[in-house]
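Chemist: Those sequence lines, one after another, are chains A and B. Under this note's numbering, think of the first position of the first sequence as 11, with each following residue one higher. Under this note's numbering, think of the first position of the second sequence as 5, with each following residue one higher.
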Amino acid sequence: MSDTSIKPRIEKVPLSEQFFQKLPVMLVPLLALAGLLAIGNPASWLTLTVAGLAMGMMIFIMASGLTVVFGLMDVINFGHGAFVAIGAFVGFTVLAWLAGWTESPSVLLNLFAVLIAILAAMLVTGLLGYAFERVIVMPVYGEHLKQILVTMGGLIVAQQMIYVVWGPDELHISRPEAFQGSLIFGEAAIEKYRLVAVGIGLALFLAMRHILQNTKVGLLVRAGVENGEMVEALGYRIRRLFLVVFMTGSALAGLGGVMWGLYQETITAHMGSEIMVLVFIVVIIGGLGSVEGCFIGALMVGLLANYTAFLAPKVALISTIALMVVILMWRPQGLYPVVKAK
Amino acid sequence: MLTKLLSGDTPRSRLLTVILLVVLVCLAFAPFLFPGTKSLETAARICIFIVLVASYDLLLGYAGIVSFAHTMFFGIGAYGTALALSATGPSYFSLAWGTLAGAVLAAVFALAIGLFSLRVKAIFFAMVTLAVASAFAVLVSQMSWLTGGEDGLNYKIPRELTPAFKLVKEKVLDVRINGKLLAYYLVFFASAFLFLVMLRIVNSPFGRTLKAVRDNAFRAEAIGYRVVWYRTTATVLSAVMAALAGSLLAVWLRYTGPATTLSMEIMIDILLMVVIGGMGTLYGAVLGATLFILAQTYLQNLMGIASEATSAVPFFSTLVAPERWLLWLGVLFILSVYFFPSGIVGRLRAGRA
Numbered sequence: 011m012s013d014t015s016i017k018p019r020i021e022k023v024p025l026s027e028q029f030f031q032k033l034p035v036m037l038v039p040l041l042a043l044a045g046l047l048a049i050g051n052p053a054s055w056l057t058l059t060v061a062g063l064a065m066g067m068m069i070f071i072m073a074s075g076l077t078v079v080f081g082l083m084d085v086i087n088f089g090h091g092a093f094v095a096i097g098a099f100v101g102f103t104v105l106a107w108l109a110g111w112t113e114s115p116s117v118l119l120n121l122f123a124v125l126i127a128i129l130a131a132m133l134v135t136g137l138l139g140y141a142f143e144r145v146i147v148m149p150v151y152g153e154h155l156k157q158i159l160v161t162m163g164g165l166i167v168a169q170q171m172i173y174v175v176w177g178p179d180e181l182h183i184s185r186p187e188a189f190q191g192s193l194i195f196g197e198a199a200i201e202k203y204r205l206v207a208v209g210i211g212l213a214l215f216l217a218m219r220h221i222l223q224n225t226k227v228g229l230l231v232r233a234g235v236e237n238g239e240m241v242e243a244l245g246y247r248i249r250r251l252f253l254v255v256f257m258t259g260s261a262l263a264g265l266g267g268v269m270w271g272l273y274q275e276t277i278t279a280h281m282g283s284e285i286m287v288l289v290f291i292v293v294i295i296g297g298l299g300s301v302e303g304c305f306i307g308a309l310m311v312g313l314l315a316n317y318t319a320f321l322a323p324k325v326a327l328i329s330t331i332a333l334m335v336v337i338l339m340w341r342p343q344g345l346y347p348v349v350k351a352k
Numbered sequence: 005m006l007t008k009l010l011s012g013d014t015p016r017s018r019l020l021t022v023i024l025l026v027v028l029v030c031l032a033f034a035p036f037l038f039p040g041t042k043s044l045e046t047a048a049r050i051c052i053f054i055v056l057v058a059s060y061d062l063l064l065g066y067a068g069i070v071s072f073a074h075t076m077f078f079g080i081g082a083y084g085t086a087l088a089l090s091a092t093g094p095s096y097f098s099l100a101w102g103t104l105a106g107a108v109l110a111a112v113f114a115l116a117i118g119l120f121s122l123r124v125k126a127i128f129f130a131m132v133t134l135a136v137a138s139a140f141a142v143l144v145s146q147m148s149w150l151t152g153g154e155d156g157l158n159y160k161i162p163r164e165l166t167p168a169f170k171l172v173k174e175k176v177l178d179v180r181i182n183g184k185l186l187a188y189y190l191v192f193f194a195s196a197f198l199f200l201v202m203l204r205i206v207n208s209p210f211g212r213t214l215k216a217v218r219d220n221a222f223r224a225e226a227i228g229y230r231v232v233w234y235r236t237t238a239t240v241l242s243a244v245m246a247a248l249a250g251s252l253l254a255v256w257l258r259y260t261g262p263a264t265t266l267s268m269e270i271m272i273d274i275l276l277m278v279v280i281g282g283m284g285t286l287y288g289a290v291l292g293a294t295l296f297i298l299a300q301t302y303l304q305n306l307m308g309i310a311s312e313a314t315s316a317v318p319f320f321s322t323l324v325a326p327e328r329w330l331l332w333l334g335v336l337f338i339l340s341v342y343f344f345p346s347g348i349v350g351r352l353r354a355g356r357a
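1) Out of curiosity, what's the CA-to-CA distance linking PHE38 (chain B) and MET171 (chain A)?
2) Quick one: is VAL26 (chain B) near chain A, going by C-beta distance under 8 Å?
3) Determine the extent of the beta strand (DSSP E) in which ALA199 (chain A) is found, giving its start and end residues.
4) Cβ of SER242 (chain B) less than 8 Å from any chain A Cβ?
5) Along the chain, which unbroken stretches of the alpha helix (DSSP H) at least 4 residues long are found entirely within the stretch 138-167 of chain B?
6) For the stretch 274-301 of chain A, which residues have a beta carbon sitting closer than 9 Å to at least one beta carbon of chain B?
7) I'd like to know if LYS125 (chain B) contacts chain A, where contact means its C-beta is closer than 8 Å to some C-beta of that chain.
8) Who are the neighbours of GLU2 (chain B) on chain A, taking C-beta pairs under 8 Å?
9) Going by the DSSP bridge assignment, what does ILE277 (chain A) pair with across the sheet?
10) Counting only beta-carbon separations shorter than 8 Å, does GLY68 (chain B) have a partner in chain A?
11) Determine the closest residue to LEU275 (chain B) out of A:LEU129, A:LYS156 and A:LEU181, with distance taken between C-alpha atoms.
12) For LYS17 (chain A), name the three-state secondary structure that DSSP assigns.
13) How many Å lie between GLY228 (chain B) and THR236 (chain B) at the Cα?
14) Would VAL167 (chain A) pass as an interface residue toward chain B - the criterion being a Cβ-Cβ separation below 8 Å?
15) Let me make sure I understand the geometry here. Which of B:TRP101, B:GLY40 and B:GLY292 has the alpha-carbon closest to that of LEU248 (chain B)?
16) Excluding five sequence neighbours on each side, which residues of the same chain lie with their C-beta closer than 6 Å to the C-beta of LYS170 (chain B)?
17) Can you look up MET193 (chain A) in the DSSP assignment and give me helix, strand or coil?
18) Look up VAL179 (chain B) in the DSSP assignment and say whether it is helix, strand or coil.
19) Taking CB distances under 8 Å as the criterion, tell me whether LYS226 (chain A) reaches chain B.
20) Three-state secondary structure (DSSP) at TYR287 (chain B)?
21) Please name the residue in B:LEU64, B:LEU10 and B:LEU165 whose C-alpha comes closest to that of ALA126 (chain B).
22) Under a Cβ-count criterion, where at least 16 other Cβ atoms within 10 Å of its own Cβ denotes burial, should ILE309 (chain B) be classed as buried or exposed?
23) Are the beta-carbon atoms of ASP61 (chain B) and VAL240 (chain B) separated by less than 8 Å?
24) Considering just the uninterrupted stretch of the alpha helix (DSSP H) at VAL279 (chain B), what are its terminal residues?
25) Would a C-beta distance cut-off of 8 Å place ALA48 (chain A) and GLY282 (chain A) closer than the cut-off?
26) Listing by chain order, which chain B residues have their CB less than 8 Å from the CB of LEU159 (chain A)?
27) Alpha carbon to alpha carbon, what distance is there between ILE291 (chain A) and TRP340 (chain A)?
28) Is there at least one Cβ from chain B nearer than 8 Å to MET334 (chain A)'s Cβ?
29) Going along chain A in order, which residues have a C-beta closer than 8 Å to the C-beta of LEU323 (chain B)?
30) Counting Cβ pairs closer than 8 Å, one from the stretch 134-152 of chain A and one from the stretch 237-244 of chain A, do we hit at least three?
31) Counting only beta-carbon atoms, is ILE117 (chain B) nearer than 8 Å to chain A?
32) Just confirm the distance between the C-beta atoms of ARG218 (chain B) and ALA67 (chain B), as a whole number of angstroms; I'd bet it's less than 8 Å.
33) Counting C-beta neighbours from all protein chains within 10 Å, is the total for HIS154 (chain A) 16 or more, i.e. buried, or is it exposed?
34) Check whether the stretch 295-315 of chain A and the stretch 154-165 of chain B are in contact - that is, three or more C-beta pairs closer than 8 Å.
35) Which residue wins for smallest C-alpha separation from VAL235 (chain A), given the options A:TYR317, A:LEU338, A:ALA109 and A:VAL301?
36) Using the Cβ count rule (16 or more neighbours within 10 Å means buried), how would you classify ILE194 (chain A)?
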């Protein structure tokens, strides 16, 4: 090391600009505060907030895969909803096989059953993601119009295949013993499963952040988002990276599907396309391609949906649209756009 | 004269001309050629969907905009007419103002969506419209005091358009000349007129500029065309056309509800019809809508037979079960996006000697 080496000079961002950049982080607490003021009763507020956070975390799990895939590959997979549904169906099938474990009072066996169900769902949807990328998406890189059409086609076929494999009826399953019931904090009752969902979502978010910020794979992914050709020229096989990211995204959809299914305790072949509306809203709010934005957006949508469902049930979905419109007025590209929308 | 009527956009393929003529003749004389209620329903549905699909093609094929809000405009038109008819009685006046109100409201909505989000990427616009359309569908099913919620609205239409009205006592060619027949011809001629109007639009300088914007928005902007203005105008035009198609459906069915106008299934149907028929050719809408609705109505019977025949093969028979016809259309859809991006019409035109 010589002293003459050029030291990079990091220019300081002005404080006001830093504040503007960080501003979206404040949105979730602000929304929660607004909810507290609107609802008044702290106990029901706490229940609703935890429910909203849980819903937000599950939407985040489904949306994060989608948004990373978009950021890296410039592909929005309209068939993502199909992976959610398939994940849920696979998970439910496995849980039905393991009925002996899920019904036993042993927490460990319960956990084991759910874990196996989740792993199976993620495995199946990950492999399906592989097939989907190779067969359906690969020929249409760089053509948005065709991507939308073809992935819609994939969604139709996948939904129909669910009917072929699992039949036309919706499936019911009750959560394993350990996840049933509520904890009581003062006057507020909080369902255990929602706490679990919050935990898993938070863990996933932190893990994704860690991988993207601190590992070499994350570095390559971020570099690929900026300039794929350059990464390729440096000798990395970006195509393979694409594929891995796509499979991970699909597997996350499967995970989200199992968790959402256990939350609702009922699944249908159409659940994917229904939840996709919320997922898209979250992705738009967060800014295409951004994991942090997606996280904030998901939590906001979850909280807002639960607050409005309590205060004015008829406007629940409309309120999330209104949120999207307001956010887009403020930041036309979403909260933290990674890919500059043209 | 004929060329002028078609705005100079002739089919440009002998086979295509023949097919289109067959479709036209069949639709024009449907009540006489195919007697029976079911076939008349099918024919009217085909007429209405030709307009709807052509209006979507105006957006997708000519402007290159993927919107999932098209059923919203269809629904606005249908509900406009339906609400007017149920609120102010079954008169032609309420029919007219309801239709007009629906079209105007659709235009305003389209303008808002267009100005708001057409500056962004195709993917972004598709997602925004999907969200807005589903919110609209929820809103309609929630506002049951106005829209009848999930049950929809039943209403009366002017008496001259109902089967109770007899125009001629005797049967002509074994067909009763009643109000139902008049209603069919109202639908038929209105659809034909709207289709010709759209043909006029896409073959005007405006339509050609639209194609330029679709093919290279950057360059079009650089030449001096205001891309956003063109895209927004296309969105508004196509929304108005869809609303008018919705009004026709409302008159024909005498019922309007979320399932017939707003559901996501209809949006997917429209998408399939446009792509299979051929994007960027309005004639594709004719073929797509005709084929699709015929398949919807009659293919299921055929698949029922196939499923019976293969009932010994366990997995295959569920694949060809009549309820799974959409599966095969989905596969066809993907294949046609890859191999025939210009659909049946483009294929026929390319194949001409």
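We treat Cβ as the ideally placed atom computed from N, Cα and C, and that holds for glycine. In this text, all values refer to a predicted model and were calculated from it rather than measured experimentally.
Modeler: Taking the coordinates as given:
1) Position 34 of the second sequence, counted from the first residue, corresponds to residue 38 (chain B). Position 161 of the first sequence, counted from the first residue, corresponds to residue 171 (chain A). Using only the alpha carbons, I get a separation of about 35 Å.
2) Indexing the second sequence from 1 puts residue 26 (chain B) at position 22. It does not; no Cβ of chain A falls within 8 Å.
3) Stepping through the first sequence from its first residue, residue 199 (chain A) is reached at position 189. Run containing ALA199 (chain A): 198-201, per the beta strand (DSSP E) assignment.
4) Working through the second sequence from its first residue, we reach residue 242 (chain B) at position 238. By this cut-off, SER242 (chain B) is not an interface position.
5) 148-151
6) HIS280, SER283, GLU284, MET286, VAL287, LEU288, PHE290, ILE291, VAL293, ILE294 and LEU298
7) Looking up residue 125 (chain B) in the second sequence gives position 121. Judged by the 8 Å Cβ criterion, LYS125 (chain B) is in contact with chain A.
8) This structure leaves residue 2 (chain B) out entirely; chain B is present only between 5 and 357.
9) Against the first sequence, residue 277 (chain A) aligns to sequence position 267. Answer is A:LEU181, bridged to ILE277 (chain A).
10) Here residue 68 (chain B) is taken as the residue at index 64 of the second sequence, counted from 1. Yes - at least one Cβ of chain A is within 8 Å of the one on GLY68 (chain B).
11) For the purposes of this step, residue 275 (chain B) is taken as the residue at position 271 of the second sequence. If we check each option's Cα against that of LEU275 (chain B), A:LYS156 comes out closest.
12) Numbered from its first residue, the first sequence carries residue 17 (chain A) at position 7. Reduced to three states, the DSSP call for LYS17 (chain A) is coil.
13) As a working mapping, residue 228 (chain B) is identified with position 224 in the second sequence. As a working mapping, residue 236 (chain B) is identified with position 232 in the second sequence. C-alpha separation (whole angstroms): 16 Å.
14) In the first sequence, counting from the first residue as 1, residue 167 (chain A) sits at position 157. True, the Cβ-Cβ gap to chain B drops below 8 Å.
15) Looking up residue 248 (chain B) in the second sequence gives position 244. Comparing Cα-Cα distances from LEU248 (chain B) to each of B:TRP101, B:GLY40 and B:GLY292, the minimum goes to B:TRP101.
16) As a working note, residue 170 (chain B) is residue 166 in the second sequence. So the qualifying residues of the chain are ASN182.
17) For the purposes of this step, residue 193 (chain A) is taken as the residue at position 183 of the first sequence. In the sequence under discussion, the amino acid at residue 193 (chain A) is Leu, which differs from the Met named in the question. Reduced to three states, the DSSP call for LEU193 (chain A) is strand.
18) In the second sequence, residue 179 (chain B) corresponds to position 175, counting from 1. Reduced to three states, the DSSP call for VAL179 (chain B) is strand.
19) The residue labelled residue 226 (chain A) in the question sits at position 216 within the first sequence. False, the Cβ-Cβ gap to chain B never drops below 8 Å.
20) Taking the second sequence and counting its residues from 1, the one referred to as residue 287 (chain B) is at position 283. DSSP places TYR287 (chain B) in helix when its eight states are reduced to three.
21) Residue 126 (chain B) sits at position 122 when you count from the first residue of the second sequence. Of B:LEU64, B:LEU10 and B:LEU165, the residue nearest in Cα terms is B:LEU64.
22) Position 305 of the second sequence holds residue 309 (chain B). Looking at its Cβ environment, which holds fewer than 16 other Cβ atoms inside 10 Å, ILE309 (chain B) is exposed.
23) Translated into positions along the second sequence, residue 61 (chain B) becomes position 57. Translated into positions along the second sequence, residue 240 (chain B) becomes position 236. No, these two residues do not count as a Cβ contact at 8 Å.
24) Position 275 of the second sequence, counting from 1, holds the residue named residue 279 (chain B). Note, VAL279 (chain B): alpha helix (DSSP H), 268-281.
25) Sequence index remark: in the first sequence, residue 48 (chain A) carries index 38 (1-based). Sequence index remark: in the first sequence, residue 282 (chain A) carries index 272 (1-based). Going by C-beta atoms, ALA48 (chain A) is not nearer than 8 Å to GLY282 (chain A).
26) Here residue 159 (chain A) refers to the residue found at position 149 when the first sequence is read from its first residue. Result: VAL70, LEU275, VAL279, PHE337 and VAL341.
27) Looking up residue 340 (chain A) in the first sequence gives position 330. Looking up residue 291 (chain A) in the first sequence gives position 281. So the two alpha carbons sit approximately 15 Å from each other.
28) Locating residue 334 (chain A) in the first sequence gives position 324, counting from the first residue. Chain B, which has a Cβ nearer than 8 Å to the Cβ of MET334 (chain A), makes this yes.
29) Residue numbering aside, residue 323 (chain B) sits at position 319 when the second sequence is read from its first letter. By Cβ distance, chain A contributes VAL174.
30) no
31) As a position in the second sequence, residue 117 (chain B) is number 113, starting the count at 1. Not one chain A Cβ lies under 8 Å of ILE117 (chain B).
32) Indexing the second sequence from 1 puts residue 218 (chain B) at position 214. Indexing the second sequence from 1 puts residue 67 (chain B) at position 63. Indeed, because the Cβ distance is near 6 Å, the residues count as touching under 8 Å.
33) Start at 1 with the first residue of the first sequence, and residue 154 (chain A) comes out as number 144. Its Cβ being crowded by 16 or more others within 10 Å, HIS154 (chain A) is buried.
34) no
35) Numbered from 1 along the first sequence, position 225 holds the residue referred to as residue 235 (chain A). Closest option to VAL235 (chain A), Cα to Cα, is A:VAL301.
36) By one-based count along the first sequence, residue 194 (chain A) stands at place 184. Per the 10 Å Cβ criterion, exposed.
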